[in-house]
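Numbering of the sequence shown is given in the UniProt record's numbering, commencing with residue 5 and proceeding in unit increments.
Here a beta-carbon is modelled for each residue, glycine too, at the ideal position from N, C-alpha and C.
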Amino acid sequence: VPVNAALAVREQFPAIPAGWHYLDSAATAQKPQAVIDAVVQAYGRDYATVHRGVYERSASMTQSFEAARAATAALIGGAEQEIVFTRGATEAINLVAQSHPRESRNRVLLSTLEHHSNIVPWQLAGYQVDAVPLTADGQVDLDAAERMASEEHAIIALAHVSNVLGSILDTKRAASIAQHVGAALLLDGCQASPRLPVDVAAIGCDYYVFSGHKLYGPTGIGALWGKADRLAALPPYQGGGAMIDRVTFEQTTFLPPPARFEAGTPHIVGAVGLHAAIDWTRGIGLDALHAHESALVADCREALRSIPGITLYGPEDSAGIVSFNVEGVHAHDTATILDDEGVAVRAGHHCAQPLMDHLGVPATARASFAAHSDVSDIEALVRGLHKVKRIFG
Ligand code: PMP
Numbered sequence: 005v006p007v008n009a010a011l012a013v014r015e016q017f018p019a020i021p022a023g024w025h026y027l028d029s030a031a032t033a034q035k036p037q038a039v040i041d042a043v044v045q046a047y048g049r050d051y052a053t054v055h056r057g058v059y060e061r062s063a064s065m066t067q068s069f070e071a072a073r074a075a076t077a078a079l080i081g082g083a084e085q086e087i088v089f090t091r092g093a094t095e096a097i098n099l100v101a102q103s104h105p106r107e108s109r110n111r112v113l114l115s116t117l118e119h120h121s122n123i124v125p126w127q128l129a130g131y132q133v134d135a136v137p138l139t140a141d142g143q144v145d146l147d148a149a150e151r152m153a154s155e156e157h158a159i160i161a162l163a164h165v166s167n168v169l170g171s172i173l174d175t176k177r178a179a180s181i182a183q184h185v186g187a188a189l190l191l192d193g194c195q196a197s198p199r200l201p202v203d204v205a206a207i208g209c210d211y212y213v214f215s216g217h218k219l220y221g222p223t224g225i226g227a228l229w230g231k232a233d234r235l236a237a238l239p240p241y242q243g244g245g246a247m248i249d250r251v252t253f254e255q256t257t258f259l260p261p262p263a264r265f266e267a268g269t270p271h272i273v274g275a276v277g278l279h280a281a282i283d284w285t286r287g288i289g290l291d292a293l294h295a296h297e298s299a300l301v302a303d304c305r306e307a308l309r310s311i312p313g314i315t316l317y318g319p320e321d322s323a324g325i326v327s328f329n330v331e332g333v334h335a336h337d338t339a340t341i342l343d344d345e346g347v348a349v350r351a352g353h354h355c356a357q358p359l360m361d362h363l364g365v366p367a368t369a370r371a372s373f374a375a376h377s378d379v380s381d382i383e384a385l386v387r388g389l390h391k392v393k394r395i396f397g
């Protein structure tokens, strides 16, 4: 049985021509036609500003924009008023890093596998960063996290799924570690939201962030989910229109969340496109997506293991992502030869330089899967890697 038998959605992706093998969905997902249609319709038929217009068109655009917020909340099990639209995960983490009331706590606890966007914002905000080590197979070592977490930590911020290793975090255990020391738990859901069912209430986290473009939606839109009482305690991050209650030259008062954090005209059409992407993803089902990608990962790891001289990184049960290196070949050379064979993989440090330092390599090649991936992508990858071996052999 082909591993993609249950999905068979490739023909819904117009930017993936026959013979091209897109294995870079962890960087950004290709878009199904349903999302492209929603964006075209929003600009070409329904377009107007939101929240301000009194005319009918603007009122209905506002309804669409707020419906996108409700859909985003429903995707991760939060409430509508707990969703702040941002440019993406990066802006969402910066918002929390700048605004979270740290009281007298000046440290954050991260892990060795974090993306730069879950490291640098904390440094810019003046926090001292502590990094939890990894287990031998590349999971966040939560035993170590438990020992390291202290009442000096304002936040514990961890990737739900690693963008390099595909490691899946035990989120409930992370939440209990954070609760034990009174720290807030922020989860970076960039890689989890397109490939795992997420329920923030069941996890017990305080903040959850993700980017629309990795979830089959447009670029330039993402979300911060924050527990209502957390958001209520956050001062504004940026000032401008749409976030105020009353402005005078002497003083300004602000709207309650989420409007307080959405200064300026928002990415209206991005939100509409994200809504379509969420509907499309939920139509397949995140359980089905996870099962599909897990089968591909197992297949891919087995196939790569059969080629001598390939190092595989990360745990066996990684979520949709396989990082590897060919012995004696720089990952960029591997990716360039694969590109000649019609196989698109990412090569580099994947915005995770501390993880590369930990692995002792300058870079890895990374194949990442999505709903449209199938065994033909793995077969092409294997053919390409045999060519890499022939050229460098
Ligand atoms: N965290 C992780 C785990 C990611 O994979 C990415 C994107 N590569 C980001 C954060 C940043 O997302 P964005 O660039 O969309 O803000």
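query: Are the CB atoms of Y212 and G193 nearer to each other than 7 Å?
result: yes
query: Is Q132 helix, strand or coil by DSSP?
result: Here Q132 sits in strand by DSSP.
Among A140, L117, D145 and V112, the one whose alpha carbon lies nearest that of A129: V112
message: So, under 8 Å CB-CB, Y220 and K35 are touching, yes? Tell me the CB distance rounded to an integer number of Å.
response: Indeed, because the Cβ distance is near 6 Å, the residues count as touching under 8 Å.
message: Mapping the DSSP letters down to three states, classify S197 as helix, strand or coil.
response: Note: S197 maps to coil in three-state DSSP.
field: Start-to-end residues for the beta strand (DSSP E) that takes in S215
entry: Y211 to S215
message: Closer than 6 Å to a non-hydrogen atom of the ligand PMP - does that hold for the CB of T94?
response: yes
query: Is it right to say A9 is buried, meaning 16 or more other beta carbons lie within 10 angstroms of its own, or is it exposed?
result: Low confidence applies here, because A9 scores a pLDDT of 48, under 50, leaving its location unreliable; read the following figure in that light. Exposed is the call here.
- request: Measure the Cβ-Cβ separation of H336 and A348 and say whether it is below 7 Å.
  value: no
- prompt: Assuming L189 and A178 make a contact with CB atoms under 8 Å, what is their CB distance in whole Å?
  reply: 6 Å
field: the stretch 283-300 contacting the stretch 262-275, beta-carbon criterion three pairs below 8 Å
entry: no
- prompt: In whole angstroms, what separates the C-alpha of A275 from that of A384?
  reply: 35 Å
query: Do the CB positions of G244 and G268 come within less than 7 Å of each other?
result: Taking 7 Å as the cut-off, the beta carbon of G244 is found closer than this to the beta carbon of G268.
query: How far does the beta strand (DSSP E) with R250 in it reach, from first residue to last?
result: I248 to V251 is the span of the beta strand (DSSP E), which, as asked, contains R250.
query: How about S327 and V168: do their beta carbons lie closer than 7 Å?
result: yes
message: For A12, tell me which candidate among E297, G346 and P319 has the shortest Cα-Cα distance.
response: Nearest option by C-alpha distance: E297.
- prompt: What is the DSSP secondary structure of H294, counted as helix, strand or coil?
  reply: H294 falls in the helix class under three-state DSSP.
message: Output needed for S154: all residues of its chain with C-beta closer than 7 Å, excluding positions within five of it in sequence on either side, in chain order.
response: V185
field: Stretch-stretch touch, CB-based, cutoff 8 Å, three pairs: the stretch 68-75 with the stretch 363-372
entry: no
message: Just to confirm, is the Cβ distance from I382 to G170 under 7 Å?
response: No.
query: At a cut-off of 6 Å, is H296 close to the ligand PMP when judged by its beta-carbon and the heavy atoms of the ligand?
result: Checking the Cβ of H296 against the ligand PMP gives no.
Reduced DSSP category for N329 - H, G, I as helix; E, B as strand; rest coil: strand
task: Would you mind reading off the limits of the alpha helix (DSSP H) that contains residue 435?
output: Because the chain in this structure spans residues 5 to 397, residue 435 falls outside the shown range and cannot be described.
- prompt: By a C-beta neighbour count over all protein chains shown, 10 Å radius and 16 as the cutoff for buried, is E86 buried or exposed?
  reply: buried
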